[in-house]
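K.L.:
There are 2 protein chains.
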Amino acid sequence: MDEFQFIKHIEQNFYRQSTIRKGTGDDAAVFTQNYQETVVAKDMLVENVHFSRKTMEPFHIGYKGLAANISDLAAMGASPAFYLVGISIPPNWSIKEIEDIYNGFKAISNHYGMDLIGGDTVSGNELVLSVTVIGFVNKNRIRYRHLAKDGDVVFVTGHLGDSQAGLHLLTSATSMERFNDVDYFIHRHRMPTPRVKFSKAIETIPRVSLNDISDGLASEANEIAEASQVDIIIFDKKIPSHPSYNQFPLNDQKKWKYFGGEDFELLGTVSPSDWSKLEEAARISDTRLSKIGYVSDKKDRSGRVYLERTGQSRIQLKKEGYNHLSR
Amino acid sequence: MDEFQFIKHIEQNFYRQSTIRKGTGDDAAVFTQNYQETVVAKDMLVENVHFSRKTMEPFHIGYKGLAANISDLAAMGASPAFYLVGISIPPNWSIKEIEDIYNGFKAISNHYGMDLIGGDTVSGNELVLSVTVIGFVNKNRIRYRHLAKDGDVVFVTGHLGDSQAGLHLLTSATSMERFNDVDYFIHRHRMPTPRVKFSKAIETIPRVSLNDISDGLASEANEIAEASQVDIIIFDKKIPSHPSYNQFPLNDQKKWKYFGGEDFELLGTVSPSDWSKLEEAARISDTRLSKIGYVSDKKDRSGRVYLERTGQSRIQLKKEGYNHLSR
Numbered sequence: 001m002d003e004f005q006f007i008k009h010i011e012q013n014f015y016r017q018s019t020i021r022k023g024t025g026d027d028a029a030v031f032t033q034n035y036q037e038t039v040v041a042k043d044m045l046v047e048n049v050h051f052s053r054k055t056m057e058p059f060h061i062g063y064k065g066l067a068a069n070i071s072d073l074a075a076m077g078a079s080p081a082f083y084l085v086g087i088s089i090p091p092n093w094s095i096k097e098i099e100d101i102y103n104g105f106k107a108i109s110n111h112y113g114m115d116l117i118g119g120d121t122v123s124g125n126e127l128v129l130s131v132t133v134i135g136f137v138n139k140n141r142i143r144y145r146h147l148a149k150d151g152d153v154v155f156v157t158g159h160l161g162d163s164q165a166g167l168h169l170l171t172s173a174t175s176m177e178r179f180n181d182v183d184y185f186i187h188r189h190r191m192p193t194p195r196v197k198f199s200k201a202i203e204t205i206p207r208v209s210l211n212d213i214s215d216g217l218a219s220e221a222n223e224i225a226e227a228s229q230v231d232i233i234i235f236d237k238k239i240p241s242h243p244s245y246n247q248f249p250l251n252d253q254k255k256w257k258y259f260g261g262e263d264f265e266l267l268g269t270v271s272p273s274d275w276s277k278l279e280e281a282a283r284i285s286d287t288r289l290s291k292i293g294y295v296s297d298k299k300d301r302s303g304r305v306y307l308e309r310t311g312q313s314r315i316q317l318k319k320e321g322y323n324h325l326s327r
Numbered sequence: 001m002d003e004f005q006f007i008k009h010i011e012q013n014f015y016r017q018s019t020i021r022k023g024t025g026d027d028a029a030v031f032t033q034n035y036q037e038t039v040v041a042k043d044m045l046v047e048n049v050h051f052s053r054k055t056m057e058p059f060h061i062g063y064k065g066l067a068a069n070i071s072d073l074a075a076m077g078a079s080p081a082f083y084l085v086g087i088s089i090p091p092n093w094s095i096k097e098i099e100d101i102y103n104g105f106k107a108i109s110n111h112y113g114m115d116l117i118g119g120d121t122v123s124g125n126e127l128v129l130s131v132t133v134i135g136f137v138n139k140n141r142i143r144y145r146h147l148a149k150d151g152d153v154v155f156v157t158g159h160l161g162d163s164q165a166g167l168h169l170l171t172s173a174t175s176m177e178r179f180n181d182v183d184y185f186i187h188r189h190r191m192p193t194p195r196v197k198f199s200k201a202i203e204t205i206p207r208v209s210l211n212d213i214s215d216g217l218a219s220e221a222n223e224i225a226e227a228s229q230v231d232i233i234i235f236d237k238k239i240p241s242h243p244s245y246n247q248f249p250l251n252d253q254k255k256w257k258y259f260g261g262e263d264f265e266l267l268g269t270v271s272p273s274d275w276s277k278l279e280e281a282a283r284i285s286d287t288r289l290s291k292i293g294y295v296s297d298k299k300d301r302s303g304r305v306y307l308e309r310t311g312q313s314r315i316q317l318k319k320e321g322y323n324h325l326s327r
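These protein sequence lines are chains A and B, in that order.
For the first sequence, the UniProt record's numbering gives the first residue as 1, with consecutive numbering after it.
For the second sequence, the UniProt record's numbering gives the first residue as 1, with consecutive numbering after it.
Okay, here's the thing in structure tokens:
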């Protein structure tokens, strides 16, 4: 199978999105939009940096690679519509395995009715995936991270630390039989759920600041605090984790829930007067929702995040997420 | 410099495009559009497959990488507006060299008033660039390759074969002193000009089928013929080349102008009644324009391309462009 044949093979036969004018098959894709804003995000994934065949099947690599980008759209309040994939394929990957990556893309894109509208397929020495996603959002419902205000409630969806717990189980030398809910944690690592349903369900609320947790709670909370120039206080005890999470070493528990990342949950802030609407949105979208802190209304704010611990002094929670470029 | 610092460093301080709502600095970029169509293209470039440091400075790699994508927009009739860059950086590339790649992006994006609105910076074992470009076009002026019709004039901009001639000069063992216009050919290889000005100048013409020559004349002409289900006849003698082009070995001349690619000229077809408008557009955009053939009006068409040679029989010109995935 050469490049042209492979591209023909992965092309969609029909498109679901009504705004599409031209998908694959010309110099570029074309879509239309006349009342919503267009949202675009792009991620780059490199084998053995962002994923490994030791812990992920090719299907999971595709699934999670697109999930991470859809999560970015959800964090802006946007509905996912289109995606484009650039892939650099090394000789040690078979066409079958590459197809399985695309099967992963298809599985999650089908779930959200997204269309593959373009991309590029090339040869290289290591597997690199580049995913571009496009979505749409109403103008007055864009969920910027700079929208947090004094006195806001700070919330998070789902459980934190799951993804790193799953990775730990997949790479740990100790027997998995020691652990409970192994499948749950591994599934959360390999096939995370971008919180699109929740993000759409909160459309009734005019102002929400929102980030998705790709780089860990500490990093994302600091981004909201910095962008909004507010101080955020998080109650350590309120950070939600899975009932079996306490089976892991205490130090790992802390590391994963503060700095672990890749949970792709949503972290945000809303006015206390909109809290009941948020709870209703969580209920109708079947999403776990936790109030984990508040935005300080003190005057001497400086764009920082603090962690409030029972019986201990308040400490600053610094931005220390994943950082793949470490030189 | 870590990832966060580097991203801060390459971020734009201001945006030129009036449709931008949010560039870098959140989970995704946001732009608005209410009367034009949005056009999006994506390319992937791998070191030693698509470019080499032996023949290109880092600046040229960035410049040409974005030029190739802008050329795709021009081939759809679209005005370039935004771009996003994914980059995987290996340890043997310095931050200075990576900056120079971005300087190449900036040089050409400034020329077209484009804004860098997002991307991703990661570490890998080989340099991989992924460029996504976004542009806008009026609904009834999209230049699809399926728009060619019987009796159309076939045209091409600029000179063909220049890019491969430049590469030949950069890699040839023989002394460059033997050749004329060395700088011209090398410049055309390293810093090609996407034909945006011409593409915009032909906006008065309702129907134009258009492809950019990234994979060679033969490949692009076949794409138009197949997509439009027409036969295209090209006069070998009419294929435009630089006055010094005949200094290269005859076999190379043929290979480069038919199959060479990367000239990023535009190949298209228009109704004979619009030819004078096309000439006027070429004049005002200062673009060389050549009539190189016609679309057959015979009934037994089959989506093929034929080459008409003086004193020789007509032969089929098959699609054999670059194909980087050769397995």
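Yeah, the Cβ is synthetic: ideal placement off N, Cα and C, and Gly gets one too.
(1) Listing by chain order, which chain A residues have their CB less than 9 Å from the CB of VAL46/B?
(2) Taking 8 Å as the cut-off, decide whether the C-beta atoms of SER71/A and PRO194/A are in contact.
(3) Can you tell me where the beta strand (DSSP E) with SER94/A in it begins and where it stops?
(4) Return the CA-CA distance between THR310/B and VAL154/B, expressed in angstroms with no decimal places.
(5) Taking C-alpha atoms, which residue in ASP27/A, GLU11/A, TYR83/A, PHE31/A lies nearest to SER18/A?
(6) So for PRO192/A, helix, strand or coil by DSSP?
(7) Indicate whether the contact test is met: 3 or more Cβ pairs, each with one atom in the region 217-231 of chain B and one in the region 272-281 of chain B, closer than 8 Å.
(8) Would you please state the rounded distance, in angstroms, between the beta carbons of ALA78/B and PHE136/B? I believe it to be under 8 Å.
(9) Could you work out which residue in ASP297/B, GLU265/B, ILE142/B, PHE59/B is closest to ALA221/B when comparing CA atoms only?
(10) Please confirm if GLN33/B has its CB atom under 8 Å from at least one CB of chain A.
(11) Should HIS324/A be flagged as near chain B, meaning a C-beta pair shorter than 8 Å?
(12) At 9 Å on the CB atoms, spell out the chain B contacts of ARG314/A, in chain order.
(13) So ASN211/A is in the beta strand (DSSP E); what residue range does that whole segment cover?
(14) On the DSSP letters alone, give me the boundaries of the alpha helix (DSSP H) that LYS319/B sits inside.
(15) Could you pull out every residue in the same chain whose Cβ sits closer than 7 Å to the Cβ of TRP93/A, ignoring the five residues on either side in sequence?
(16) Alpha carbon to alpha carbon, how far is LYS291/B from THR24/A?
(17) Roughly how many angstroms lie between the CA atoms of VAL131/A and TYR83/A, to the nearest whole one?
(18) Leaving out the 5 sequence neighbours to the left and right, which residues in its chain are closer than 6 Å to PHE105/A when beta-carbon positions are compared?
(19) Which whole-angstrom value describes the C-beta separation of ILE87/A and LEU129/A, a residue pair presumed to lie in contact below a C-beta threshold of 8 Å?
(20) Relative to the C-alpha of ALA218/A, which candidate in GLU37/A, GLY118/A, ALA107/A, TYR306/A has its C-alpha closest?
(21) Suppose contacts are defined by Cβ-Cβ distances below 8 Å. Is VAL208/A in contact with GLY268/A by that definition?
(22) If I measure Cβ to Cβ from SER326/B and keep anything under 8 Å in the same chain, skipping five residues before and after, which residues do I get?
(23) For GLN312/B, I'd like the list of residues in its chain whose CB is within less than 7 Å of its CB, leaving aside the five on either flank, ordered along the chain.
(24) Whole angstroms is fine: what's the gap from PHE51/A's alpha carbon to HIS168/A's?
(25) Given this structure, state the Cα-to-Cα distance separating PHE14/A from ASP215/A, to the nearest angstrom.
(26) Opposite ASP72/A in the DSSP bridges: which residues?
(27) At 8 Å on the CB atoms, spell out the chain A contacts of MET76/B, in chain order.
(28) Determine the contact status of TYR144/B and VAL196/B, defining contact as a CB-CB distance below 8 Å.
(29) Express the C-alpha separation of GLU223/B and ILE205/B in angstroms, rounding to a whole number.
(30) Which class does ALA29/A belong to by DSSP, given the choice of helix, strand or coil?
(31) Can you tell me where the beta strand (DSSP E) holding LYS22/A begins and where it ends?
(32) Work out the CA separation of ARG190/B and VAL295/B for me, nearest whole Å.
(33) Using the DSSP secondary-structure output, state which residues sit across from ASP80/A in a beta bridge.
(34) Does any residue of chain A have a CB that is nearer than 8 Å to the CB of TYR144/B?
(35) Against ILE20/B, what residues of chain A qualify as contacts under a CB-to-CB distance less than 7 Å, listed in chain order?
(36) Only counting runs of 4 or more residues, tell me where the alpha helix (DSSP H) segments fall wholly within the region 262-290 of chain B, in order along the chain.
P.N.:
On the basis of the coordinates in this document:
(1) SER88, VAL122, SER123, GLY124, ASN125, VAL128
(2) yes
(3) Neither: SER94/A is in no beta strand (DSSP E) and is coded neither H nor E.
(4) 18 Å
(5) PHE31/A
(6) coil
(7) no
(8) 6 Å
(9) GLU265/B
(10) yes
(11) Because the pLDDT of HIS324/A is 37, which lies under 50, any placement of that residue in the model is unreliable, and the number read from its coordinates should be weighed accordingly. Interface residue, yes.
(12) Correct list: empty, because the minimum Cβ distance to chain B is about 25 Å.
(13) 209-212
(14) Looking at the DSSP string, LYS319/B is not in any alpha helix (DSSP H), and its letter there is neither H nor E.
(15) LEU127
(16) 29 Å
(17) 7 Å
(18) GLY62, LEU66
(19) 6 Å
(20) TYR306/A
(21) yes
(22) Residue placement at SER326/B cannot be trusted, given a pLDDT of 31 that sits under 50; what the coordinates show is reported in the next sentence. No residues qualify anywhere along the chain.
(23) none
(24) 14 Å
(25) 35 Å
(26) ASP72/A is not bridged to any residue.
(27) ASP26, ASP27, ALA28, VAL30
(28) no
(29) 21 Å
(30) strand
(31) 20-22
(32) 33 Å
(33) The amino acid at residue 80/A is misidentified as Asp; the sequence shows Pro. PRO80/A pairs with GLY135/A.
(34) yes
(35) Under the 7 Å cutoff, chain A gives no residues; its nearest Cβ is about 11 Å from ILE20/B.
(36) 275-284
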